[in-house]
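Trainee: One structure, as C-alpha coordinates, below. Some questions next.
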Amino acid sequence: MITINLSKFKKTNGVFVNSYAFGHSVTETSIFFHQYGHEGVCLSVGNRNNRNKYLKNLFEPYKLLHFWLPNINDINIYHALRLRVHDAIDLSFRKSRVVKILLKRNLVIVRRDVMLNASAISSLQRDYKLSKEDSTRIVKSFDSVYSKSQSETSMSSLHYLVQQKTLVDYSLSKNLLRFNSRFLKKAEILANEKSYSEIKICTIVLRRSWKPWSGLGLDSYSQVFDYLESRNYLINLIGDVDEFYGLKKAKKFNTLNSNFEYGLNPKIFQILSIINSNFCIGDQSGLQALIHFLNKRNLIINSVPFGQLQYNSVVLPRIWVDQNGIKATTEEHFSNLMYRYHSIKKGNDLSIYPQYYSSETVFDTVKNFVEANESNQTTLELDLKGFTNIGPECMALFSKNTSFSPILLKEFES
(Lines of atoms letter the chains of each structure in order from A and count residues from 1; the text may use other names and numbers.)
(Lines give C-alpha, C1' and ligand atoms only; values in the text may rest on other atoms or scores of the structure.)
Protein backbone atom coordinates (compact mmCIF):
# COMPACT_ATOMS: atom_id res chain seq x y z
CA MET A 1 0.00 0.00 0.00
CA ILE A 2 2.73 2.48 0.97
CA THR A 3 5.14 1.57 -1.83
CA ILE A 4 2.41 1.95 -4.47
CA ASN A 5 1.40 5.33 -3.03
CA LEU A 6 4.83 6.38 -1.77
CA SER A 7 4.68 10.02 -2.89
CA LYS A 8 1.29 10.50 -1.19
CA PHE A 9 2.53 9.12 2.11
CA LYS A 10 5.78 11.10 1.93
CA LYS A 11 3.87 14.37 1.58
CA THR A 12 1.02 13.65 3.97
CA ASN A 13 0.35 15.72 7.07
CA GLY A 14 -1.85 13.00 8.61
CA VAL A 15 -3.20 9.48 8.00
CA PHE A 16 -6.65 8.35 9.11
CA VAL A 17 -7.48 4.62 9.15
CA ASN A 18 -11.26 4.26 8.75
CA SER A 19 -12.63 0.73 9.13
CA TYR A 20 -16.08 1.41 10.56
CA ALA A 21 -19.35 0.74 8.67
CA PHE A 22 -20.33 2.33 5.36
CA GLY A 23 -21.88 5.50 6.79
CA HIS A 24 -18.67 6.19 8.71
CA SER A 25 -16.65 5.67 5.52
CA VAL A 26 -18.48 8.69 4.11
CA THR A 27 -19.03 11.08 7.02
CA GLU A 28 -15.77 10.58 8.91
CA THR A 29 -13.77 10.71 5.69
CA SER A 30 -15.23 14.13 4.86
CA ILE A 31 -14.52 15.33 8.43
CA PHE A 32 -10.92 14.17 8.15
CA PHE A 33 -10.36 15.87 4.79
CA HIS A 34 -11.86 19.10 6.12
CA GLN A 35 -9.27 19.09 8.89
CA TYR A 36 -6.21 17.84 6.99
CA GLY A 37 -6.87 19.11 3.46
CA HIS A 38 -5.49 17.73 0.23
CA GLU A 39 -2.32 16.40 1.87
CA GLY A 40 -4.19 14.11 4.27
CA VAL A 41 -4.46 10.41 3.41
CA CYS A 42 -7.57 8.43 4.40
CA LEU A 43 -7.19 4.65 4.29
CA SER A 44 -10.65 3.05 4.07
CA VAL A 45 -10.60 -0.56 5.27
CA GLY A 46 -13.47 -2.88 4.37
CA ASN A 47 -14.85 -5.37 1.87
CA ARG A 48 -16.54 -4.49 -1.39
CA ASN A 49 -20.00 -5.01 0.08
CA ASN A 50 -19.68 -2.35 2.78
CA ARG A 51 -17.56 0.10 0.83
CA ASN A 52 -18.23 2.03 -2.38
CA LYS A 53 -15.07 2.28 -4.43
CA TYR A 54 -16.54 5.20 -6.41
CA LEU A 55 -16.36 7.44 -3.35
CA LYS A 56 -12.80 8.14 -4.50
CA ASN A 57 -14.30 9.90 -7.52
CA LEU A 58 -16.56 12.04 -5.30
CA PHE A 59 -13.69 13.07 -3.03
CA GLU A 60 -11.21 14.09 -5.72
CA PRO A 61 -8.70 15.74 -5.38
CA TYR A 62 -8.54 14.47 -1.78
CA LYS A 63 -6.52 11.29 -1.23
CA LEU A 64 -8.82 8.38 -0.40
CA LEU A 65 -7.27 4.90 -0.62
CA HIS A 66 -9.06 1.57 -0.22
CA PHE A 67 -7.65 -1.44 1.62
CA TRP A 68 -9.88 -4.32 0.56
CA LEU A 69 -10.86 -7.14 2.89
CA PRO A 70 -12.33 -10.45 1.67
CA ASN A 71 -16.10 -10.91 1.59
CA ILE A 72 -16.99 -13.10 4.59
CA ASN A 73 -20.60 -14.12 5.22
CA ASP A 74 -20.22 -14.64 8.96
CA ILE A 75 -20.55 -11.10 10.36
CA ASN A 76 -18.70 -11.92 13.60
CA ILE A 77 -15.70 -13.35 11.79
CA TYR A 78 -15.68 -10.40 9.42
CA HIS A 79 -15.68 -7.83 12.23
CA ALA A 80 -12.96 -9.74 14.08
CA LEU A 81 -10.82 -9.64 10.92
CA ARG A 82 -11.63 -5.96 10.32
CA LEU A 83 -10.54 -4.99 13.82
CA ARG A 84 -7.40 -7.11 13.58
CA VAL A 85 -6.41 -5.56 10.25
CA HIS A 86 -7.21 -2.04 11.50
CA ASP A 87 -4.97 -2.53 14.55
CA ALA A 88 -2.19 -4.11 12.48
CA ILE A 89 -2.20 -1.22 9.99
CA ASP A 90 -2.26 1.33 12.77
CA LEU A 91 0.62 -0.36 14.60
CA SER A 92 2.75 -0.72 11.46
CA PHE A 93 2.24 2.95 10.58
CA ARG A 94 3.34 3.96 14.06
CA LYS A 95 6.12 1.48 14.82
CA SER A 96 7.40 -0.19 11.65
CA ARG A 97 11.08 0.49 10.93
CA VAL A 98 10.49 -0.35 7.27
CA VAL A 99 7.85 2.39 7.03
CA LYS A 100 10.18 4.89 8.70
CA ILE A 101 12.99 3.97 6.30
CA LEU A 102 10.70 4.28 3.25
CA LEU A 103 9.27 7.64 4.32
CA LYS A 104 12.34 8.93 6.16
CA ARG A 105 10.07 10.22 8.93
CA ASN A 106 7.27 9.23 11.31
CA LEU A 107 3.67 9.28 10.09
CA VAL A 108 1.08 11.32 11.97
CA ILE A 109 -1.75 8.88 12.73
CA VAL A 110 -5.04 10.64 13.41
CA ARG A 111 -7.12 9.36 16.32
CA ARG A 112 -10.82 9.09 15.56
CA ASP A 113 -12.12 10.49 18.86
CA VAL A 114 -9.70 13.42 18.86
CA MET A 115 -10.60 14.27 15.25
CA LEU A 116 -14.37 14.17 15.83
CA ASN A 117 -14.24 16.23 19.02
CA ALA A 118 -11.93 18.81 17.46
CA SER A 119 -14.21 19.13 14.44
CA ALA A 120 -17.31 19.55 16.63
CA ILE A 121 -15.59 22.26 18.70
CA SER A 122 -14.50 24.11 15.55
CA SER A 123 -18.04 23.89 14.15
CA LEU A 124 -19.58 25.35 17.30
CA GLN A 125 -17.10 28.23 17.13
CA ARG A 126 -17.64 28.83 13.42
CA ASP A 127 -21.36 28.21 13.00
CA TYR A 128 -22.75 29.25 16.39
CA LYS A 129 -20.23 32.01 17.22
CA LEU A 130 -19.21 30.47 20.53
CA SER A 131 -15.86 30.82 22.25
CA LYS A 132 -13.47 27.87 22.24
CA GLU A 133 -14.02 27.45 25.99
CA ASP A 134 -17.82 27.35 25.64
CA SER A 135 -17.59 25.04 22.62
CA THR A 136 -15.35 22.63 24.51
CA ARG A 137 -17.68 22.65 27.50
CA ILE A 138 -20.74 21.99 25.31
CA VAL A 139 -19.04 19.04 23.57
CA LYS A 140 -18.25 17.60 27.02
CA SER A 141 -21.91 18.14 27.92
CA PHE A 142 -22.94 16.23 24.77
CA ASP A 143 -20.62 13.40 25.84
CA SER A 144 -22.04 13.31 29.35
CA VAL A 145 -25.64 13.01 28.15
CA TYR A 146 -24.80 10.63 25.32
CA SER A 147 -22.71 8.28 27.49
CA LYS A 148 -25.77 7.48 29.61
CA SER A 149 -27.21 5.65 26.61
CA GLN A 150 -24.19 4.87 24.42
CA SER A 151 -20.88 3.16 25.08
CA GLU A 152 -18.77 5.47 22.89
CA THR A 153 -18.74 9.08 24.02
CA SER A 154 -16.90 10.16 20.87
CA MET A 155 -20.02 9.27 18.91
CA SER A 156 -21.77 12.31 20.38
CA SER A 157 -19.51 14.58 18.32
CA LEU A 158 -20.28 12.55 15.20
CA HIS A 159 -23.98 12.80 16.04
CA TYR A 160 -23.64 16.57 16.31
CA LEU A 161 -21.70 16.86 13.03
CA VAL A 162 -24.33 15.09 10.91
CA GLN A 163 -26.74 17.81 12.10
CA GLN A 164 -24.55 20.32 10.24
CA LYS A 165 -23.90 20.78 6.52
CA THR A 166 -21.25 18.44 5.16
CA LEU A 167 -17.78 19.92 5.64
CA VAL A 168 -16.41 19.27 2.14
CA ASP A 169 -18.19 19.43 -1.22
CA TYR A 170 -18.33 16.49 -3.59
CA SER A 171 -17.02 16.54 -7.15
CA LEU A 172 -17.97 14.46 -10.19
CA SER A 173 -15.04 12.89 -12.00
CA LYS A 174 -15.06 12.46 -15.78
CA ASN A 175 -15.89 8.80 -15.21
CA LEU A 176 -18.95 9.60 -13.09
CA LEU A 177 -20.06 12.29 -15.53
CA ARG A 178 -20.13 9.68 -18.31
CA PHE A 179 -22.21 7.35 -16.17
CA ASN A 180 -24.46 10.26 -15.23
CA SER A 181 -25.19 10.91 -18.89
CA ARG A 182 -26.31 7.29 -19.26
CA PHE A 183 -28.43 7.59 -16.12
CA LEU A 184 -30.26 10.69 -17.38
CA LYS A 185 -30.89 9.20 -20.82
CA LYS A 186 -32.48 6.12 -19.23
CA ALA A 187 -34.52 8.29 -16.84
CA GLU A 188 -35.84 10.20 -19.85
CA ILE A 189 -36.86 6.93 -21.53
CA LEU A 190 -38.62 5.72 -18.37
CA ALA A 191 -40.45 9.04 -18.00
CA ASN A 192 -41.54 8.98 -21.65
CA GLU A 193 -42.85 5.42 -21.27
CA LYS A 194 -45.12 6.67 -18.50
CA SER A 195 -46.07 9.82 -20.46
CA TYR A 196 -44.62 12.08 -17.77
CA SER A 197 -44.10 15.67 -18.92
CA GLU A 198 -40.83 15.99 -16.98
CA ILE A 199 -38.27 13.88 -15.14
CA LYS A 200 -38.96 13.77 -11.42
CA ILE A 201 -37.11 11.21 -9.32
CA CYS A 202 -37.57 9.98 -5.76
CA THR A 203 -34.91 7.65 -4.35
CA ILE A 204 -36.12 5.32 -1.60
CA VAL A 205 -33.61 3.76 0.82
CA LEU A 206 -34.57 0.28 2.01
CA ARG A 207 -32.97 -1.21 5.12
CA ARG A 208 -33.98 -4.40 6.89
CA SER A 209 -31.69 -6.24 9.33
CA TRP A 210 -31.33 -7.49 12.90
CA LYS A 211 -29.83 -4.17 14.01
CA PRO A 212 -32.04 -2.06 16.31
CA TRP A 213 -31.74 1.01 14.06
CA SER A 214 -32.82 -0.88 10.95
CA GLY A 215 -36.12 -0.25 9.15
CA LEU A 216 -38.76 -2.63 7.81
CA GLY A 217 -37.76 -2.47 4.16
CA LEU A 218 -40.47 -2.80 1.52
CA ASP A 219 -43.18 -3.48 4.13
CA SER A 220 -43.29 0.19 5.16
CA TYR A 221 -43.91 1.61 1.69
CA SER A 222 -46.74 -0.32 0.03
CA GLN A 223 -49.04 2.75 -0.06
CA VAL A 224 -46.18 5.15 -0.71
CA PHE A 225 -45.28 3.64 -4.07
CA ASP A 226 -48.75 4.19 -5.53
CA TYR A 227 -48.87 7.74 -4.18
CA LEU A 228 -45.50 8.73 -5.66
CA GLU A 229 -46.42 7.23 -9.01
CA SER A 230 -49.68 9.24 -8.96
CA ARG A 231 -47.49 12.35 -8.55
CA ASN A 232 -45.48 11.33 -11.65
CA TYR A 233 -42.24 10.42 -9.87
CA LEU A 234 -39.82 7.80 -11.12
CA ILE A 235 -39.18 5.64 -8.04
CA ASN A 236 -35.63 4.32 -7.63
CA LEU A 237 -34.75 1.82 -4.91
CA ILE A 238 -31.34 1.53 -3.25
CA GLY A 239 -30.07 -0.33 -0.19
CA ASP A 240 -31.45 -3.76 0.73
CA VAL A 241 -33.12 -4.50 -2.58
CA ASP A 242 -32.75 -8.31 -2.73
CA GLU A 243 -36.38 -8.79 -1.68
CA PHE A 244 -37.45 -6.38 -4.42
CA TYR A 245 -35.54 -8.35 -7.08
CA GLY A 246 -37.49 -11.49 -6.13
CA LEU A 247 -40.84 -9.68 -6.24
CA LYS A 248 -39.91 -8.09 -9.55
CA LYS A 249 -39.46 -11.55 -11.06
CA ALA A 250 -42.94 -12.40 -9.81
CA LYS A 251 -44.18 -9.33 -11.71
CA LYS A 252 -44.92 -7.31 -8.58
CA PHE A 253 -43.77 -3.71 -8.12
CA ASN A 254 -43.15 -3.40 -11.86
CA THR A 255 -43.33 0.38 -11.61
CA LEU A 256 -40.23 0.57 -9.39
CA ASN A 257 -36.65 0.83 -10.62
CA SER A 258 -33.29 -0.43 -9.48
CA ASN A 259 -29.81 -0.37 -10.98
CA PHE A 260 -30.87 -3.15 -13.41
CA GLU A 261 -33.41 -0.91 -15.15
CA TYR A 262 -30.70 1.73 -15.62
CA GLY A 263 -28.02 -0.77 -16.66
CA LEU A 264 -25.59 0.50 -14.02
CA ASN A 265 -23.38 -0.96 -11.33
CA PRO A 266 -25.34 -0.75 -8.02
CA LYS A 267 -22.64 1.37 -6.34
CA ILE A 268 -22.65 3.91 -9.17
CA PHE A 269 -26.44 3.83 -9.24
CA GLN A 270 -26.62 4.71 -5.53
CA ILE A 271 -24.62 7.85 -6.09
CA LEU A 272 -26.30 9.03 -9.29
CA SER A 273 -29.85 8.28 -8.15
CA ILE A 274 -29.35 10.41 -5.03
CA ILE A 275 -27.71 13.26 -6.96
CA ASN A 276 -30.49 13.38 -9.57
CA SER A 277 -33.41 12.96 -7.17
CA ASN A 278 -35.84 15.70 -6.28
CA PHE A 279 -35.65 14.24 -2.78
CA CYS A 280 -34.95 10.98 -0.95
CA ILE A 281 -37.11 8.95 1.43
CA GLY A 282 -36.33 5.90 3.46
CA ASP A 283 -35.15 3.81 6.34
CA GLN A 284 -32.25 4.61 8.61
CA SER A 285 -29.16 3.26 6.89
CA GLY A 286 -25.52 3.96 6.18
CA LEU A 287 -26.77 5.33 2.88
CA GLN A 288 -28.21 8.28 4.83
CA ALA A 289 -24.61 9.40 5.26
CA LEU A 290 -24.22 9.47 1.47
CA ILE A 291 -27.43 11.49 1.14
CA HIS A 292 -26.07 13.91 3.76
CA PHE A 293 -22.74 14.22 1.92
CA LEU A 294 -24.51 14.84 -1.40
CA ASN A 295 -26.74 17.42 0.36
CA LYS A 296 -30.09 16.10 -0.87
CA ARG A 297 -33.43 16.89 0.82
CA ASN A 298 -34.43 13.79 2.72
CA LEU A 299 -37.10 12.10 4.85
CA ILE A 300 -35.86 9.50 7.37
CA ILE A 301 -38.52 7.14 8.70
CA ASN A 302 -38.53 4.86 11.77
CA SER A 303 -35.24 6.30 13.00
CA VAL A 304 -33.62 5.62 16.35
CA PRO A 305 -32.29 7.04 18.63
CA PHE A 306 -35.10 9.52 19.05
CA GLY A 307 -32.79 12.55 19.02
CA GLN A 308 -30.90 11.61 15.84
CA LEU A 309 -31.34 14.55 13.47
CA GLN A 310 -29.63 15.13 10.11
CA TYR A 311 -28.92 18.25 8.08
CA ASN A 312 -31.42 18.96 5.27
CA SER A 313 -33.65 16.16 6.54
CA VAL A 314 -37.10 15.65 8.04
CA VAL A 315 -37.12 12.87 10.63
CA LEU A 316 -39.87 10.59 11.95
CA PRO A 317 -38.23 8.85 14.94
CA ARG A 318 -39.82 5.86 16.56
CA ILE A 319 -41.84 6.44 19.74
CA TRP A 320 -41.02 4.31 22.77
CA VAL A 321 -43.84 2.16 24.18
CA ASP A 322 -44.14 -0.53 26.84
CA GLN A 323 -45.46 -4.05 26.36
CA ASN A 324 -49.00 -2.80 26.88
CA GLY A 325 -48.62 -0.20 24.12
CA ILE A 326 -48.44 2.73 26.57
CA LYS A 327 -46.27 5.51 25.16
CA ALA A 328 -43.43 7.08 27.11
CA THR A 329 -43.93 10.79 27.77
CA THR A 330 -42.29 13.46 25.64
CA GLU A 331 -40.23 14.38 28.71
CA GLU A 332 -38.84 10.83 28.81
CA HIS A 333 -38.08 10.96 25.10
CA PHE A 334 -36.06 14.15 25.55
CA SER A 335 -34.17 12.82 28.57
CA ASN A 336 -33.21 9.19 29.24
CA LEU A 337 -34.57 7.92 25.88
CA MET A 338 -33.08 10.67 23.73
CA TYR A 339 -30.03 8.71 22.51
CA ARG A 340 -30.95 5.13 23.38
CA TYR A 341 -31.12 2.24 20.90
CA HIS A 342 -31.95 -0.80 23.00
CA SER A 343 -35.00 -1.68 25.08
CA ILE A 344 -34.91 -1.15 28.85
CA LYS A 345 -37.09 -2.03 31.83
CA LYS A 346 -39.19 0.60 33.58
CA GLY A 347 -40.06 0.78 37.28
CA ASN A 348 -43.12 -1.44 36.80
CA ASP A 349 -40.82 -4.14 35.38
CA LEU A 350 -42.27 -3.73 31.89
CA SER A 351 -39.92 -3.48 28.95
CA ILE A 352 -40.01 -0.31 26.90
CA TYR A 353 -38.82 -0.24 23.31
CA PRO A 354 -38.97 1.92 20.13
CA GLN A 355 -42.02 0.90 18.08
CA TYR A 356 -42.19 0.84 14.29
CA TYR A 357 -44.86 2.88 12.54
CA SER A 358 -47.68 1.35 10.52
CA SER A 359 -47.61 1.65 6.73
CA GLU A 360 -50.56 4.07 7.07
CA THR A 361 -48.54 6.43 9.27
CA VAL A 362 -45.58 6.15 6.92
CA PHE A 363 -47.86 7.09 4.03
CA ASP A 364 -49.19 10.15 5.91
CA THR A 365 -45.63 11.22 6.68
CA VAL A 366 -44.47 10.85 3.08
CA LYS A 367 -47.53 12.71 1.77
CA ASN A 368 -46.87 15.62 4.15
CA PHE A 369 -43.20 15.68 3.15
CA VAL A 370 -43.86 15.56 -0.61
CA GLU A 371 -46.49 18.31 -0.45
CA ALA A 372 -44.09 20.53 1.51
CA ASN A 373 -41.36 19.99 -1.09
CA GLU A 374 -43.69 20.59 -4.01
CA SER A 375 -44.68 23.89 -2.42
CA ASN A 376 -40.97 24.84 -2.67
CA GLN A 377 -40.20 24.71 1.04
CA THR A 378 -36.56 25.76 1.13
CA THR A 379 -35.52 25.79 4.78
CA LEU A 380 -36.44 23.39 7.56
CA GLU A 381 -37.03 24.70 11.08
CA LEU A 382 -36.85 22.57 14.22
CA ASP A 383 -39.92 23.40 16.32
CA LEU A 384 -39.84 21.78 19.76
CA LYS A 385 -42.60 23.86 21.39
CA GLY A 386 -45.16 21.07 21.22
CA PHE A 387 -42.94 18.54 22.93
CA THR A 388 -41.31 19.56 26.21
CA ASN A 389 -39.10 22.08 27.96
CA ILE A 390 -35.48 21.18 27.23
CA GLY A 391 -32.17 22.50 28.46
CA PRO A 392 -30.22 25.20 26.59
CA GLU A 393 -27.42 22.75 25.73
CA CYS A 394 -29.59 19.97 24.29
CA MET A 395 -27.83 18.74 21.16
CA ALA A 396 -31.03 19.02 19.11
CA LEU A 397 -30.90 22.80 19.50
CA PHE A 398 -27.51 22.80 17.74
CA SER A 399 -28.87 21.62 14.40
CA LYS A 400 -29.38 23.29 11.04
CA ASN A 401 -31.99 22.90 8.31
CA THR A 402 -33.72 19.94 9.94
CA SER A 403 -37.01 19.13 11.62
CA PHE A 404 -39.19 16.42 13.09
CA SER A 405 -42.10 15.46 10.86
CA PRO A 406 -45.38 17.15 11.92
CA ILE A 407 -46.81 13.63 12.08
CA LEU A 408 -44.67 12.95 15.17
CA LEU A 409 -46.60 15.29 17.42
CA LYS A 410 -49.88 13.82 16.14
CA GLU A 411 -48.64 10.36 17.04
CA PHE A 412 -47.81 11.47 20.58
CA GLU A 413 -51.29 12.96 20.95
CA SER A 414 -53.18 9.97 19.53
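Read the sequence shown against our numbering and you will find it ends at 537, with the numbers running on by one and no gaps. Ideal Cβ positions, reconstructed from N, Cα and C, are used throughout, including at glycine.
Does DSSP put residue 457 in a helix, in a strand, or in coil?
Mentor: Residue mapping note: residue 457 aligns to position 334 of the sequence shown, counting from 1. Residue 457: coil per DSSP, three-state reduction.
Trainee: Beta carbon of residue 421, beta carbon of residue 407: below 9 Å?
Mentor: Counting from 1 along the sequence shown, the entry for residue 421 is found at position 298. Counting from 1 along the sequence shown, the entry for residue 407 is found at position 284. No.
Trainee: In three-state DSSP terms, what is residue 448?
Mentor: Position 325 of the sequence shown holds residue 448. DSSP places residue 448 in coil when its eight states are reduced to three.
Trainee: For residue 376 versus residue 325, is the C-beta distance shorter than 9 Å?
Mentor: Your numbering for residue 376 matches position 253 in the sequence shown. Your numbering for residue 325 matches position 202 in the sequence shown. No; because the gap between Cβ atoms is not below 9 Å, this pair is not in contact.
Trainee: Would you identify the three-state DSSP class for residue 400, choosing helix, strand or coil?
Mentor: Indexing the sequence shown from 1 puts residue 400 at position 277. Reduced to three states, the DSSP call for residue 400 is coil.
Trainee: According to DSSP, simplified to helix, strand and coil, what is residue 189?
Mentor: Your numbering for residue 189 matches position 66 in the sequence shown. Reduced to three states, the DSSP call for residue 189 is strand.
Trainee: Going by the CB atoms, is the gap between residue 461 and residue 286 shorter than 9 Å?
Mentor: Here the question's residue 286 lines up with position 163 in the sequence shown. Here the question's residue 461 lines up with position 338 in the sequence shown. No, the Cβ-Cβ distance between residue 286 and residue 461 is not below 9 Å.
Trainee: Just checking my contact of residue 153 with residue 291 at CB under 8 Å: how many whole Å lie between their CB atoms?
Mentor: In the sequence shown, residue 153 corresponds to position 30, counting from 1. In the sequence shown, residue 291 corresponds to position 168, counting from 1. Rounded, the Cβ-Cβ distance is 5 Å, consistent with contact.
Trainee: What is the rounded straight-line gap between the Cα of residue 385 and the Cα of residue 507?
Mentor: Counting from 1 along the sequence shown, the entry for residue 385 is found at position 262. Counting from 1 along the sequence shown, the entry for residue 507 is found at position 384. Their Cα atoms are separated by approximately 42 Å.
Trainee: Going by CA-CA distance only, name the one from 441, 482, 480, 328 that's closest to residue 466.
Mentor: Numbered from 1 along the sequence shown, position 343 holds the residue referred to as residue 466. Checked all of 441, 482, 480, 328; the closest Cα to residue 466 is 441.
Trainee: Could you work out which residue in 349, 399, 457 is closest to residue 309 when comparing CA atoms only?
Mentor: As a working mapping, residue 309 is identified with position 186 in the sequence shown. It is 399.
Trainee: Counting along the chain, where does the beta strand (DSSP E) carrying residue 478 start and finish?
Mentor: The residue you call residue 478 lines up with position 355 of the sequence shown. Counting along the chain, the beta strand (DSSP E) containing residue 478 begins and ends at 474 to 478.
Trainee: Mark residue 82 as exposed unless 16 or more other C-beta atoms lie within 10 angstroms of its C-beta, in which case mark it buried.
Mentor: As displayed, the chain neither begins before 124 nor continues past 537, which places residue 82 out of reach and without an answer.
Trainee: Hey, which unbroken runs of the beta strand (DSSP E) at 3 residues or more fall wholly within the segment 310 to 361?
Mentor: Counting only runs of 3 or more, we get 324 to 329.
Trainee: Could you tell me which of 265, 318, 295, 322 sits nearest to residue 307, measuring between CA atoms?
Mentor: Taking the first residue of the sequence shown as position 1, residue 307 is located at position 184. Closest by alpha carbon: 322.
Trainee: Excluding sequence positions up to five away, which residues of its chain have a Cβ less than 6 Å from the Cβ of residue 516?
Mentor: Locating residue 516 in the sequence shown gives position 393, where the first residue counts as 1. Taken in chain order, the residues that qualify are 261, 264.
Trainee: Distance check for residue 298 and residue 305, CA to CA, integer angstroms please.
Mentor: As a first step, residue 305 is located in the sequence shown; it is residue number 182 there, counting from the start. As a first step, residue 298 is located in the sequence shown; it is residue number 175 there, counting from the start. If you take the alpha carbons of residue 305 and residue 298, they lie about 11 Å apart.
Trainee: Between which residues of its own chain and residue 226 is the CB-CB distance below 7 Å, once the five residues before and five after are set aside?
Mentor: As a position in the sequence shown, residue 226 is number 103, starting the count at 1. Within the same chain, residue 226 has close Cβ partners 132, 133.
Trainee: Is it true that the segment 172 to 179 meets the segment 381 to 396, where meeting means three or more beta-carbon pairs spaced less than 8 Å apart?
Mentor: The segment 172 to 179, when compared against the segment 381 to 396, does touch it at the 8 Å Cβ threshold.
Trainee: By the 10 Å Cβ neighbour count, where 16 or more other Cβ atoms means buried, how is residue 514 classified, buried or exposed?
Mentor: Against the sequence shown, residue 514 aligns to sequence position 391. Residue 514 comes out exposed.
Trainee: Terminal residues of the continuous alpha helix (DSSP H) containing residue 491?
Mentor: Position 368 of the sequence shown, counted from the first residue, corresponds to residue 491. Where residue 491 is concerned, the enclosing alpha helix (DSSP H) stretches over 482 to 497.
Trainee: What whole-angstrom Cβ distance do residue 530 and residue 491 have, given they're in contact under 8 Å?
Mentor: Looking up residue 530 in the sequence shown gives position 407. Looking up residue 491 in the sequence shown gives position 368. So it is a contact: roughly 6 Å between Cβ atoms.
Trainee: For the alpha helix (DSSP H) holding residue 268, just list the boundary residues, first then last.
Mentor: The sequence position of residue 268 within the sequence shown is 145, counting from 1. It spans 255 to 269 - the alpha helix (DSSP H) in which residue 268 sits, taken as one unbroken run.
Trainee: Could you give the distance in angstroms between the alpha-carbon of residue 208 and the alpha-carbon of residue 459?
Mentor: By 1-based counting over the sequence shown, the position of residue 208 is 85. By 1-based counting over the sequence shown, the position of residue 459 is 336. Going by the C-alpha atoms only, they are around 36 Å apart.
Trainee: Among 416, 359, 378, 328, which residue has its Cα nearest to the Cα of residue 316?
Mentor: Along the sequence shown, one-based indexing puts residue 316 at 193. Nearest C-alpha to residue 316: 378.
Trainee: Residue 254: buried (16+ other C-beta within 10 angstroms of its C-beta) or exposed?
Mentor: Residue mapping note: residue 254 aligns to position 131 of the sequence shown, counting from 1. Classification for residue 254: exposed.
Trainee: Within its chain, find whatever has a CB closer than 8 Å to the CB of residue 525; leave out the 5 residues flanking it on each side and keep chain order.
Mentor: Here residue 525 refers to the residue found at position 402 when the sequence shown is read from its first residue. Taken in chain order, the residues that qualify are 286, 432, 433, 434, 435, 436, 437, 438, 503, 505.
Trainee: Which whole-angstrom value is the C-beta distance of residue 341 and residue 329, which I expect to be below 8 Å?
Mentor: As a working note, residue 341 is residue 218 in the sequence shown. As a working note, residue 329 is residue 206 in the sequence shown. The pair is a contact, with the Cβ atoms about 6 Å apart (cut-off 8 Å).
Trainee: Starting from residue 440, follow the beta strand (DSSP E) in both directions and report where the run begins and ends.
Mentor: Along the sequence shown, read from residue 1 onward, the residue named residue 440 stands at position 317. Where residue 440 is concerned, the enclosing beta strand (DSSP E) stretches over 436 to 440.
Trainee: Closest to residue 446 by CA distance: which of 476, 418, 224, 424 is it?
Mentor: Along the sequence shown, one-based indexing puts residue 446 at 323. The candidate whose alpha carbon is nearest that of residue 446 is 476.
Trainee: Which of the three DSSP states, helix, strand or coil, is assigned to residue 405?
Mentor: Along the sequence shown, read from residue 1 onward, the residue named residue 405 stands at position 282. Here residue 405 sits in strand by DSSP.
Trainee: Cβ of residue 140 within 8 Å of any heavy atom in the ligand NAP?
Mentor: The ligand content of the structure shown is nil, which means the ligand NAP is not present either.
Trainee: Comparing alpha-carbon positions, which option in 229, 448, 252, 130 lies nearest residue 215?
Mentor: Locating residue 215 in the sequence shown gives position 92, where the first residue counts as 1. Nearest option by C-alpha distance: 229.
Trainee: So is residue 351 buried or exposed if we call it buried at 16+ other beta carbons inside 10 Å?
Mentor: Position 228 of the sequence shown, counted from the start, is the residue given in the question as residue 351. Answer is buried; the Cβ neighbour count reaches 16.
Trainee: Does the Cβ of residue 205 have 16 or more other Cβ atoms within 10 Å, making it buried, or fewer, making it exposed?
Mentor: As a working note, residue 205 is residue 82 in the sequence shown. With 16 or more Cβ atoms within 10 Å of its Cβ, residue 205 is classed as buried.
Trainee: Assign residue 290 to one of three DSSP states: helix, strand, or coil.
Mentor: Here residue 290 corresponds to residue number 167 of the sequence shown, with the count starting at 1. Correct three-state label for residue 290: coil.
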